[in-house]
Structures are given as C-alpha cells and as structure tokens.
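Presented below is the structure to which this report refers.
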Amino acid sequence: MKRPGKELLFLALGGSGEIGMNANLYGCDGKWVMVDLGITFGDASYPGVEVILPDIEFIEERAKDLLGIVITHGHEDHIGAIPYLAADLGVPIYATPFTAGLIRSKLQEERIADKVKLHVIENNGRFKLGSFRFNYIPLAHSIPEGNALLIETPYGNVFHTGDWKLDDDPLVGNTTNAKMLRKIGDNGVLALVCDSTNSFNEKTSGSEGDVRKGLDEVIRKAPGRVLVTTFASNAARIQTLGQVAQDVGRHLVIAGRSIEKIIKIAQSTGYLQDFPKTLSYDEAMRMPAEKVMIVATGGQGESRAALSRIAFDSHHLKLSAGDSVIFSSRQIPGNEMAVGRIQNALAAKGIRMVTDRQAMIHVSGHPGRPDLQAMYRWIRPEMLIPVHGELRHMAEQARLGLATGIPRSLVQGNGDLIRLAPKGPVFVSHENTGRLLLDGDVILSANGPTIGERRKMAINGLISVGLAVDKHNHLKGHPTISLHGVPIEADRIEFIEDASRAAIKAVHEGHKSEERMREAVRLAVRRRAHHWTGKKPIVDVVAVHV
Numbered sequence: 002m003k004r005p006g007k008e009l010l011f012l013a014l015g016g017s018g019e020i021g022m023n024a025n026l027y028g029c030d031g032k033w034v035m036v037d038l039g040i041t042f043g044d045a046s047y048p049g050v051e052v053i054l055p056d057i058e059f060i061e062e063r064a065k066d067l068l069g070i071v072i073t074h075g076h077e078d079h080i081g082a083i084p085y086l087a088a089d090l091g092v093p094i095y096a097t098p099f100t101a102g103l104i105r106s107k108l109q110e111e112r113i114a115d116k117v118k119l120h121v122i123e124n125n126g127r128f129k130l131g132s133f134r135f136n137y138i139p140l141a142h143s144i145p146e147g148n149a150l151l152i153e154t155p156y157g158n159v160f161h162t163g164d165w166k167l168d169d170d171p172l173v174g175n176t177t178n179a180k181m182l183r184k185i186g187d188n189g190v191l192a193l194v195c196d197s198t199n200s201f202n203e204k205t206s207g208s209e210g211d212v213r214k215g216l217d218e219v220i221r222k223a224p225g226r227v228l229v230t231t232f233a234s235n236a237a238r239i240q241t242l243g244q245v246a247q248d249v250g251r252h253l254v255i256a257g258r259s260i261e262k263i264i265k266i267a268q269s270t271g272y273l274q275d276f277p278k279t280l281s282y283d284e285a286m287r288m289p290a291e292k293v294m295i296v297a298t299g300g301q302g303e304s305r306a307a308l309s310r311i312a313f314d315s316h317h318l319k320l321s322a323g324d325s326v327i328f329s330s331r332q333i334p335g336n337e338m339a340v341g342r343i344q345n346a347l348a349a350k351g352i353r354m355v356t357d358r359q360a361m362i363h364v365s366g367h368p369g370r371p372d373l374q375a376m377y378r379w380i381r382p383e384m385l386i387p388v389h390g391e392l393r394h395m396a397e398q399a400r401l402g403l404a405t406g407i408p409r410s411l412v413q414g415n416g417d418l419i420r421l422a423p424k425g426p427v428f429v430s431h432e433n434t435g436r437l438l439l440d441g442d443v444i445l446s447a448n449g450p451t452i453g454e455r456r457k458m459a460i461n462g463l464i465s466v467g468l469a470v471d472k473h474n475h476l477k478g479h480p481t482i483s484l485h486g487v488p489i490e491a492d493r494i495e496f497i498e499d500a501s502r503a504a505i506k507a508v509h510e511g512h513k514s515e516e517r518m519r520e521a522v523r524l525a526v527r528r529r530a531h532h533w534t535g536k537k538p539i540v541d542v543v544a545v546h547v
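Numbering follows the numbering used here, in which position 401 of the sequence shown is assigned residue number 402; successive positions increment by one, without gaps.
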C-alpha cells in the first residue's frame, strides 16, 4: 500500500490489541491523517526502560502524504510520543486549548517547540485537512477536554470516540450531550471507532460526583494526616480532591511535580479556578496532622514518585502510625508487585490504607457495557471498529455491538490495514508495526540487540574475561575474570580459577586469528559457568595486545 485511492482506510499503529500507545491513521484520496500519538509504560520484560513508543515507520515513509496529527485529549497514552516522534514527521498538530497546553509543555521540555507547529482549535471547533473535515465533539472523561472526533470524508462519516464515559456530574469538563450525538447519528455514521477498555464491565463507569461523596466520607473519619494518591493527569480527580479538602476542613499540599504542572496548565486554560491555595512542605509538617491532606503521585508503585519516597522516608513530608493513605486510582495490571512493595512499607509504619475495593473513591474514565450500548443507540453506525483494548476487550465489544443491532463489526489489530469504504469493512493488508524503546535519551528497537543482551544479563548474568596477548595471540600472564550477577558466591575463587584454566587452554590451542581465539575462550568459560551453575551467562572477552 503506497497511497490511499478513492476509498477510506483505517490503520492502527498502536493501541489495538493493547491498552495504551494509541496511534491511528485514516487515509483517503492519496492522503493520510493521524489521530493521537501516545506511549505506554515499560515493564519487567524491558529492563531499565520506562517509556515505550509506537513504531511509526509506515507513516514516516509516507510523511509527504501525511496532512497532520489530530489529538483527542491529553492523556499520556494519546500524546506522550509527540516530543520524540512528531518533529521527524514534519506536520502540524491540532488540539483543543488544555490539551495543546500539555503538548506545548512537553515540546518545551525537549527544546523542540520551534520545530513542531501546534494549532489550537477551540472547544467544539471544526477544521479541514485535505478531504477530511474534523469536528471536536465533547465527551466526559477524567481529564478536561476529552473529545470524540466526527471525521467527515467523501466516503462517509467516522465517529472516533477517543477515551470517554457517561457522567452526569463530571465536576470538570462536559457531560455527554445525548441530543448532539443523536443528531450526528441522524446525519449518518459509516463507522464507529470506539474505546473497548471496559467492554466486560456490566455496570456503567460511575460519576466523579459520587467519588467526591465517597472521599468526603472516608477522609472525614480519618485521624491524623491523610495522603491521597491518583494519576497526575486525572484533572477531574484533582479538582475533586480540592473540593474534598474544603469539605472536610483540611489544608491541601501537593507532592509531585507532574500534578503541579497539570494544575498550572488547567488554570491557565480556565479550569480549576476555585482550587484551594496549597501549603508548602514545611507549612504542612508544622500544622496539626488532622488538618493536613496531601495529594501525591505514585499510586502505581513508581519508585521515584512522591508516595514511594514518603513510604521509604526519603521525602520532606512524613507519615506515621495512625495516618491514612487513600489509593484513588485503579491499579494497572502488571504493577501489583511495585504497589505491594509500597503498601508493605506503609503497613510497617502502622499506616491505614484504603483502595477502591473498600470504598467509593475511584471511577473509571472508560465506558462500561451500558455506556457502550447507549452510544450505539445514539450514533447508529453502519459498522463498529473496536480499538483501545487488548484483543479480548475488542472482541467482546464487537460481540456487544452486533448483539445491540450494529450491522457489521471487524476486530483488527495493530498493522491491519482496513478499508472502511467502499464495501467495508474488509482487511486489505498487514503492515509492519511494533514498539520503540526510550532508553535514557536514546530510541531503540524493542527487538534490537541492546534489549536482548540486557534480558540475558538480567536472567543469566555476565562474565568479563580480560586477556593480554602478543602479536601471535600467545597469552602473557593470567586471564582476568570478573563476575556480574552470576550465582556463584561461596565458591567464587574456585570458579574463577577453573574458568581461568579453561581460558588458558583455549588460548594455547593456537588460533590463527584473534576473533577465533576470543570465541574459543568465550565458549570455554561459558561451558564452565554452565557446569557450575546450570546457567549460561553472557561472556565478554577482551584481548589487549602487549
């Protein structure tokens, strides 16, 4: 597939078959547009890596046909890759004011604000890119300016939901306008491209207003200091926590630079205008404990976040026995060990903990089954394309949509190029996609040698062998051997002597080239390591000519 023809195409480069890293392409009349460009976060399978980006090589090779990047809202899984990938694409970005503020801050941090053109589109705004006309449609979510996109094309209209939920009392942002959505459905929708995250949830996602009541009840009863942890980007929850602090008569202190940044950007774009004045750390620690409420990052177990530092006594703010920590967020699968580590540290201090399993202190920002079915009835699309979910979530939404009366559905995954019109949805081809790793300041392939070697070192350890040889590859002196993460402790000296003898023997076998000599030593030492430990560590051999 080189260029779209007289047709409407859809291709997910990220976010289909996974939760996070959303990056979607629409194509028609020779041109492409991208919707969202997000990240996901690293786990134990990528040692040392915190941020993962979508591999967008497909559109990089077709950048001359890309018209722009349109952003639905400001969560990291929708905007997080922009500072690392957008400049190379060389196209403008379109976003509503609050979202644009978050993007601008990221570009400034990376010192590339002058290299990426950012267009601010007013809420409920419309704009045109080639054959595409975009309309921002406000939907409730856990961040200001959650939006769907009504994408009008010559081949039919697409309603791309982004992340959304139904909430009659969202506290920040808009309620869902059923009348507007019915009108969109009346005008005809070819395809509903829809968030699948909570497709198994039998109940509606719940209201932020109910969370306020639940937090009021829990915190009003709590003695001592109270710390509430939530996602920094959940501006709706931050607004709720500001109101709760006032409800229960506590002074607020913010612990976490990312929360401070969200508050600043929100206030600069008209949100959180009644957010209470906050205390400094020193003021908070001097105030009576029962008068203090801390809002902190780190509810997912992040080791450098404020909650972890407080739990392990490396933060200016302190908690002690009788204080409370409230986890006002959903624990992301895969973070159980990291969160458990912090909770155990808090428990050792005698600190009481409350999670969403014990009280109404969190609601999801994504649609449950009743929400999805309401959207189907309002929009009445000709077809449903589930996105933003693991395969099981998308397949379940497809079944739900068909059972609710949508005529056609197609479950696609990252790299599946789909023709929506004419005569769609049909599978056209599979294009290369994948993951890139942000490792420090370097972007690497997820399948490259660096991460492969790091996994092997993490599992099996590393042995370094240093050799001094003459120009004929004859050994001078004894090999130098050091171990890193190899499970030999009590017998370390004996093993090194054994491995050294094996290395000497391999050198003395008389290899004509240095490369063959080093390979023989590597294999000989690894065999001895396997004999001693049952593992096959990486063996690195360095020869120095003397």
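Backbone N, C-alpha and C fix where the C-beta goes; we use that ideal spot for every residue, glycine too.
Fewer than three beta-carbon pairs drawn from the segment 112-124 and the segment 150-167 are found closer than 8 Å, and the two stretches are therefore not classed as touching. Counting only residues of its own chain and dropping the five nearest sequence neighbours on each side, SER281 has no CB closer than 7 Å to any other CB. Within the same chain, and ignoring the five residues on either side of LYS506 in sequence, the residues whose Cβ sits closer than 8 Å to its Cβ are ALA525.
Rounded to the nearest angstrom, the gap between the Cα atoms of GLU337 and ARG134 is 43 Å. By the CB criterion at 9 Å, MET294 and VAL229 fall inside the cutoff. Here DSSP, grouped into helix, strand and coil, assigns ASN148 to strand. In the three-state scheme derived from DSSP, where H, G and I count as helix and E and B as strand, ASN461 is classed as helix.
Between ARG310 and GLY299, the CB-CB gap stays under 9 Å. Per the Cβ contact rule, the segment 338-357 is not in contact with the segment 162-174 (fewer than 3 Cβ pairs under 8 Å). Judged by beta-carbon spacing, PHE11 lies within the 9 Å limit of ILE386, meaning their Cβ atoms are closer than that value. In the three-state DSSP reduction, ASP440 falls in the strand class (E or B). GLU510 is classed as exposed because its beta carbon has fewer than 16 other beta carbons within 10 Å across all chains shown. The shortest C-alpha to C-alpha distance from SER446 to any of VAL52, ALA459, TRP33, GLY28 is the one to VAL52.
By the neighbour-count criterion, in which a residue is buried when 16 or more other Cβ atoms sit within 10 angstroms of its Cβ, HIS317 is exposed. Per DSSP, reduced to three states, the secondary structure at LEU167 is coil, with no helix or strand assignment.
Per DSSP, LEU385 is one residue of the beta strand (DSSP E) stretching across 384-388. By the criterion of a C-beta distance shorter than 8 Å, ILE497 is surrounded in its chain by ILE482, LEU484, once the five residues flanking it on both sides are discounted. Assigned with DSSP and collapsed to three states, TYR47 falls in coil, not helix or strand. With contacts defined by Cβ atoms closer than 9 Å, ARG305 and GLY49 do not form a contacting pair. Rounded to whole angstroms, the separation of the alpha carbons of LYS350 and VAL326 is 12 Å.
Excluding the 5 residues flanking it on each side, PHE232 has same chain C-beta neighbours closer than 6 Å at SER330, in chain order.
Beta-bridge pairing by DSSP links ALA503 to no other residue.
Rounded to the nearest angstrom, the Cβ distance from ILE352 to ASP324 is 5 Å, consistent with a contact under 8 Å.
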